[in-house]
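In the working numbering, the protein residues as written are 214 to 394.
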């Protein structure tokens with residue numbers, strides 16, 4: 214059964230995920246850099262090629278990604294088509310390519326080779342997606358702050374200045390997998 218997502222639900226998904234998974238506190242991002250860096254690098258690559266995929270579209274892409282993950286974890290299908298645009302879809306794919314084994318075949322294949330992650334086990338999936346969820350929520354908080362201080366494209370302006378020189382001018386999507394200590 215498919216559930217059509219309302220505007221209210223779309224607006225609240227980030228808050229729901231924060232309540233369920235927690236957040237990364239400002240200043241403690243370094244401990245999460247192995248997941249944040251590929252996400253932010255992939256996003257910057259998409260923005261460079263498609264400037265209309267701006268910070269505001271990124272906020273939408275984060276919500277779309279959270280609904281996709283929620284679907285994996287609950288075995289429900291969410292109809293988010295009314296919120297999808299060409300711009301936020303590009304950013305959504307960039308995010309998902311950084312961590313999602315159902316989007317990125319390389320991740321899927323790597324996880325199949327390890328016995329510690331069963332992609333059919335909801336508990337294991339919840340563990341697998343916890344780090345990407347809190348990283349996306351941290352990115353969302355940064356985007357919100359940078360839009361207020363630097364305008365509609367504040368996040369990408371800041372990201373280009375801060376880490377742009379370390380992100381290649383290519384289209385390769387990087388990824389990271391956290392499978393535990």
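Backbone N, C-alpha and C fix where the C-beta goes; we use that ideal spot for every residue, glycine too. None of the values given here were measured: they were computed from a predicted structure.
Extent of the continuous alpha helix (DSSP H) run through residue i
i, result
"residue 238", "That residue, residue 238, is in no alpha helix (DSSP H); it is neither H nor E in DSSP."
"residue 370", "367-376"
Local conformation of residue i per DSSP, three classes
i, result
"residue 292", "strand"
"residue 387", "coil"
"residue 316", "coil"
"residue 354", "helix"
"residue 333", "coil"
"residue 311", "coil"
"residue 381", "coil"
"residue 327", "coil"
Same chain, Cβ closer than 7 angstroms to residue i, five either side skipped, listed in chain order
i, result
"residue 337", "330 and 331"
"residue 272", "353 and 356"
"residue 350", "227, 230, 231 and 236"
"residue 242", "249 and 351"
"residue 314", "320, 321, 324 and 332"
Proximal residues to residue i (C-beta, below 6 angstroms), its chain only, five neighbours per side dropped
i, result
"residue 303", "259, 263 and 266"
"residue 277", "293 and 305"
"residue 279", "226 and 230"
"residue 386", "255 and 310"
Residue i Cβ short of 7 angstroms to the ligand ZN heavy atom set
i, result
"residue 332", "Looking for the ligand ZN in the displayed structure turns up nothing, as the structure carries no ligands at all."
8 angstroms CB neighbourhood of residue i in its chain, flanking five on each side removed
i, result
"residue 288", "335"
"residue 268", "356, 359, 360, 365, 366, 367, 368 and 369"
"residue 234", "343, 346, 347 and 350"
Segment limits, beta strand (DSSP E) that includes residue i
i, result
"residue 219", "Careful: residue 219 lies outside any beta strand (DSSP E) and carries neither H nor E."
Min CB distance residue i to chain B below 8 angstroms
i, result
"residue 336", "Here there is only one protein chain, and chain B is not present."
### Query
Where in the stretch 252-299 do unbroken runs of the beta strand (DSSP E), each at least 3 residues long, occur, reported from the N-terminal end onward?
Listed in chain order, the complete beta strand (DSSP E) runs (minimum 3 residues) inside the stretch 252-299 are 290-292.
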